[in-house]
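Visitor:
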Amino acid sequence: MSNAPDSLGYPVAKATEVEYKSPKAASNPIVRGLPLSIGASIIASSSILQNYLWTNAGFDVLRSIPQLRDFSARHDPTVTPIASTAAPQVTSNFANADGLREPPGDIKHRFYSVLDYHKAYLAGTLTPTAVAQSLLPLIRKDVASPTKHSIAFIDTKVELVLKAAEASTLRYKEGKPLGVLDGVPVAVKDEVELSGYRTTLGSVRDYTNKDGLTSSCIEKWIEHGAVVIGKTNMHEIGMDTTNNNPNWGTPRNPYNENYYTGGSSGGSGYCVGKGLIPIAHGVDGGGSVRLPASFCGAFGLKPSHSRVSSYPTGTSSVTVSGPIAANMVDLEVAFRVMAAPDPHGNLNASFPLAYPSQQPRKKILGVYKPWSDRAEESVRLACQRAVDWYITRLGYEVVDINIPYVHEGQTAHAMTILNEQLSDFPDISFLTAPNKLLLSVASKTPATDFVLAQKMRNLLMQHLASLFKTYPDMIIVTPTTPKAGWHIEAEGDLKHGVTDANQTLQNMEYVWLANFCGLPGLTFPVGYAEPKGGEGRVPIGLMGQAVWNNENALIEWGYEGERYIAEALEGGRQIPNDWVDVFALESPSE
1 MSNAPDSLGY PVAKATEVEY KSPKAASNPI VRGLPLSIGA SIIASSSILQ NYLWTNAGFD
61 VLRSIPQLRD FSARHDPTVT PIASTAAPQV TSNFANADGL REPPGDIKHR FYSVLDYHKA
121 YLAGTLTPTA VAQSLLPLIR KDVASPTKHS IAFIDTKVEL VLKAAEASTL RYKEGKPLGV
181 LDGVPVAVKD EVELSGYRTT LGSVRDYTNK DGLTSSCIEK WIEHGAVVIG KTNMHEIGMD
241 TTNNNPNWGT PRNPYNENYY TGGSSGGSGY CVGKGLIPIA HGVDGGGSVR LPASFCGAFG
301 LKPSHSRVSS YPTGTSSVTV SGPIAANMVD LEVAFRVMAA PDPHGNLNAS FPLAYPSQQP
361 RKKILGVYKP WSDRAEESVR LACQRAVDWY ITRLGYEVVD INIPYVHEGQ TAHAMTILNE
421 QLSDFPDISF LTAPNKLLLS VASKTPATDF VLAQKMRNLL MQHLASLFKT YPDMIIVTPT
481 TPKAGWHIEA EGDLKHGVTD ANQTLQNMEY VWLANFCGLP GLTFPVGYAE PKGGEGRVPI
541 GLMGQAVWNN ENALIEWGYE GERYIAEALE GGRQIPNDWV DVFALESPSE
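So that you can map any letter, position 437 of the sequence shown is 437 in full-length UniProt numbering, and since no number is skipped, the others follow by simple counting.
1. Specify, as a first and last residue, the run of the beta strand (DSSP E) that His281 falls within.
2. Is Tyr270 helix, strand or coil by DSSP?
3. With respect to the beta strand (DSSP E) encompassing Asp6, which residues constitute its N-terminal and C-terminal limits?
4. Quick check on DSSP: helix, strand or coil for Leu467?
5. State the start and end residues of the unbroken alpha helix (DSSP H) segment that holds Gly558.
6. Does DSSP put Tyr390 in a helix, a strand or coil?
7. According to DSSP, simplified to helix, strand and coil, what is residue 628?
8. Note down the Cα distance separating Ala334 from Pro323, rounded to an integer number of angstroms.
9. Does the Cβ of Glu219 have 16 or more other Cβ atoms within 10 Å, making it buried, or fewer, making it exposed?
10. Between Gly533 and Ala484, what straight-line distance do the alpha-carbon atoms span, to the nearest angstrom?
11. Among residues of its own chain, excluding the 5 on either side of Ala15, which ones have a beta-carbon nearer than 6 Å to its beta-carbon?
12. Please state if the CB of Ala386 and the CB of Gly561 are separated by a distance shorter than 8 Å.
13. Using DSSP with H/G/I as helix, E/B as strand and the rest coil, what is Gln574?
14. Go ahead and pull the three-state DSSP assignment for Val511.
15. Glu166 to Tyr564, Cα distance in whole Å?
16. Gln67: buried (16+ other C-beta within 10 angstroms of its C-beta) or exposed?
17. Assuming Gly266 and Met239 form a contact by the criterion Cβ under 8 Å, report the distance between their Cβ atoms to the nearest whole angstrom.
18. Tell me whether Phe94 sits in a helix, a strand or coil according to DSSP, three-state version.
19. Would DSSP call Ser84 helix, strand or coil?
20. Less than 8 Å separating the beta-carbons of Ser216 and Ser310?
21. Spell out the partners DSSP gives Met543 in its beta bridges.
22. Leaving aside the five residues before and after Gly286 along the sequence, list all residues of the same chain whose C-beta is less than 6 Å from its C-beta, in chain order.
23. The beta strand (DSSP E) spanning Ser321 covers which residue range?
24. Is Lys455 helix, strand or coil when you go by DSSP?
25. Out of Pro292, Glu19 and Val158, state which residue places its alpha-carbon closest to the alpha-carbon of Ile65.
26. I'd like the list of long-range same chain contacts for Glu376, defined as Cβ closer than 8 Å, with 5 residues on each side in sequence excluded.
27. With distances taken Cα to Cα, identify the nearest neighbour of Val61 among Gly33, Lys24 and Thr78.
28. Tell me the DSSP bridge mates of Arg252?
29. Under a three-way DSSP split, which group does His344 fall into?
30. Count the other CB atoms, across all protein chains shown, that sit within 10 Å of the CB of Asp142; report buried if there are 16 or more and exposed otherwise.
31. Once DSSP output is grouped into helix, strand and coil, what is the label at Gln89?
32. With a 10 Å radius around its C-beta and 16 neighbouring C-beta atoms as the bar for buried, classify Asp427 as buried or exposed.
33. Tell me Val186's beta-bridge partners as DSSP assigns them.
34. Please go through the same chain and pick out, in chain order, the residues whose beta-carbon is closer than 6 Å to the beta-carbon of Thr313, but skip the five residues on each side of it.
35. Alpha carbon to alpha carbon, how far is Ala553 from Pro88? Give it in angstroms, no decimals.
36. Measuring alpha carbon to alpha carbon, tell me which of Ser113, Leu162 and Val320 ends up nearest Pro588.
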């Protein structure tokens, strides 16, 4: 864990105590179909309408907070451990399965893990080539009759997939696998670089790095032998939480096709939730790893800011790459490999290796009750049952905490991510109607309000530092999102897109804090809710956030959560009705 004396950029511990106030109901217009297309074009050319919608969205709320005068602006939430004073680290490169924990339950009744793949490859009952050959017909878009799974992908290069799989198969045959990731199929969100692939960010344009590089975090997976089967679908330029994408198609929730996967890493969430792969890459700027993981019944980790390098892909002050995984062991292996220090002058180079800490920790959960209680009943009850289990079964202590300005802080985060994204996309003419509308409104943000948002970031980080000074090992727990998924209200929305800022903000109510303040956050499934429509119950996630760079505590907490699912969750962990059993697939060559 990182304390102030051992870290650069650690916030001053200063509490700001304010009384909680419920926000007024959001009143952003919900627009879909042809009116959305027409309206977006009109608004994009009307400064008057943009200013009206900016004020209507409440972006001017920070002006009324006098405490912000006492804080300077903080534009980067990175807190960097000083490697020379860091606690000794266990040195393992996952060359074998020693020390890794098996997922609970019979392999025939759970999601397959990296350990299952590794053991099958070692035993010769399965090969990486056979797995690749089995998956390719399911995920390819460039065939006469693509399957529904292919919508989760933007592209897959058959030759590259088979080449990597065959090389891995040969290593196993020669008894020289690179480690537990060798031969394991993984996928990469189309927001980072992957040599041989275009980078589109879910848009109609090509943003591929001209040097043909692979982003560092993905290169680490490949160096350990992982087989990348393609680049996954995402919400266009990452700007919403549904993964509704008229450009490339919209993947449907693996548990209920009348629901979205969540976004913006929705293609990655689908692949893991449907059983196609145990690990997928995501990028999280406002819950974009944790929301699809929660919606799709998976595990997701948003690392501390700058903890994982995506070089040469640029990042904003709120974004970081992280894994979506089928089990905790998959999440742990994926994170510890992708978080290896990057030599490209990135801040990540200063971090110590991300291997398990041997230090004991106090078991404390922090709950800000007025905030958590805003979740709808099914979500709130499912999360409370899990928290109660942590208390009665594992001896955790729950402490009541206060976090000031959680609603105003969310507005500050929204203002920040929108304007940082706008700086990357000054020409919005090519975007789909929802994003054209969203960014045209964001463009009316005055510089003074943007600075106020960064002052709010500093206020929140200093308050969090004061909480962690009192409770160094505390994990702040909330539902991952207040609602059980996002129901697809109209099929036409998949063709034209939809803008529903009210529900977008509601979905992001808890996740934004980790992005804005740089904390690590982890989600895992704790229950299932009855759907509004369609067949299949909808997953519910519980989220924990820890002090900067204490991913180790979150990982242990996640393993304990996996125990809760196996031991106490009524009915246990559910698998989608048409879950893909990769181990039972027959490859075309057989």
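From the three backbone atoms N, C-alpha and C, an ideal C-beta is built for every residue, glycine too. Small disclaimer: the values here were computed from a predicted structure and weren't measured.
Guide: Answer, in terms of the structure:
1. Ile279 to Asp284
2. helix
3. No beta strand (DSSP E) holds Asp6; DSSP gives it neither H nor E.
4. helix
5. Glu551 to Glu567
6. helix
7. Past the boundaries of the shown model lies residue 628; the chain is included only from 1 to 590, so the question cannot be answered.
8. 6 Å
9. buried
10. 12 Å
11. His463 and Ser466
12. yes
13. coil
14. coil
15. 39 Å
16. exposed
17. That belief does not hold up - the Cβ atoms of Gly266 and Met239 are roughly 13 Å apart, past 8 Å.
18. coil
19. Residue placement at Ser84 is poorly supported in this model, since its pLDDT is 47, which falls under 50; the coordinates are not used for a value here.
20. yes
21. Thr478 and Thr523
22. Ile417, Met508, Trp512 and Asn515
23. Val320 to Ala325
24. helix
25. Glu19
26. Pro482, Lys483 and Ala484
27. Lys24
28. Tyr260
29. coil
30. exposed
31. Residue placement at Gln89 is poorly supported in this model, since its pLDDT is 39, which falls under 50; the coordinates still yield a value, given next. Looking at Gln89 - three-state DSSP - the assignment turns out to be coil, as it is neither helix nor strand.
32. exposed
33. Val228 and Ile279
34. Val192, Glu193 and Ser215
35. Any reading at Pro88 must be qualified, since the residue scores a pLDDT of 38, below 50, and its modelled position is unreliable; no value is offered.
36. Leu162
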